[in-house]
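Enquirer: Every letter in the sequence shown is one number past the one before it in the numbering used here, and letter 105, counting from 1, is 105. By construction, the Cβ of each residue, glycine as well, lies at the ideal position given by its N, Cα and C atoms.
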Amino acid sequence: MVIREASFLSSNTQVAACPAPDRPEYAFIGRSNVGKSSLINMLTGRLALAKISSTPGKTQVINHFMINDEWYLVDLPGYGYARVSKSSRADWGKMIKAYLTKRENLTCVCVLLDSRHAPQAVDLEFMAWLGEAGVPFVMIFTKADKQSATRTQELVDAYLRQMQEQWDELPRHFITSAETGAGREAVLGFVDEVNRQLAAEAPSK
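#1: For threonine 142, report the span of its beta strand (DSSP E) as first-last.
#2: Nearest to asparagine 33 by alpha carbon, out of Ser115, Arg184 and Phe190?
#3: On a Cα-Cα basis, can you pick out the residue from Gln197, Arg151, Ser11 and Gln120 that is closest to proline 77?
#4: Can you tell which of Phe28, Glu70 and Leu112 has its C-alpha closest to the C-alpha of aspartate 22?
#5: Classify leucine 43 as helix, strand or coil using the three-state DSSP reduction.
#6: For the beta strand (DSSP E) that contains methionine 127, what are its first and last residues?
#7: With respect to the alpha helix (DSSP H) encompassing valine 109, which residues constitute its N-terminal and C-terminal limits?
#8: Rounded to whole angstroms, what is the Cα-Cα separation between glycine 181 and leucine 43?
#9: For arginine 184, does the count of other Cβ atoms within 10 angstroms reach 16, so buried, or fall short, so exposed?
#10: Ordered along the chain, which non-local residues of its own chain (more than five positions away) have a Cβ less than 7 Å from that of arginine 46?
#11: For the ligand COA, is there any heavy atom lying closer than 7 Å to the beta carbon of methionine 95?
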């Protein structure tokens, strides 16, 4: 997939205020500081499309971006640690849950996982919740450039082994690096594949 256009559309805290659900939508979410903004910028080829911060929990709203006038990319608030009040975290949790369960054109959730760490309970619990809620998702491992390829694969395999204890069929996974661009073609190829499938299944006008 060639990214010809990528532009910011809107920020919202209410699902009802999000852009019209007239295109496939891919939402990116992960623990705070997992490298979400950097990954979004790498995928779109725009250095500052998503704002990068060293402060965990910086994203506090649902950010919509239009890609090629064909699909929406959504930047969701991170979960887990963030230097904010418990009440704010609770509000974000409600907002994220409402979005994930009510957004009718949500095509896939891209769950970002730091490839440098062993399986984290909060990530496994979140993915289990997605499964129970019937929300399609894929796993995207970030920051693969920060260690050897062998170490990255060991930790990815550890995640997959733990996932196999709960899942009959594992979700697709991708290994990426915002620094080197690794995984970009695979992730965008997946989006393109799903978009084409949706277009083929759509009733003709």
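Expert: Judging by the given coordinates:
#1: 137 to 142
#2: Ser115
#3: Ser11
#4: Glu70
#5: helix
#6: That residue, methionine 127, is in no beta strand (DSSP E); its alpha helix (DSSP H) goes 121 to 133.
#7: It is not in any alpha helix (DSSP H) - valine 109 instead sits in the beta strand (DSSP E) that spans 106 to 114.
#8: 8 Å
#9: buried
#10: Ala6
#11: The ligand COA is absent from the structure shown, which contains no ligand whatsoever.
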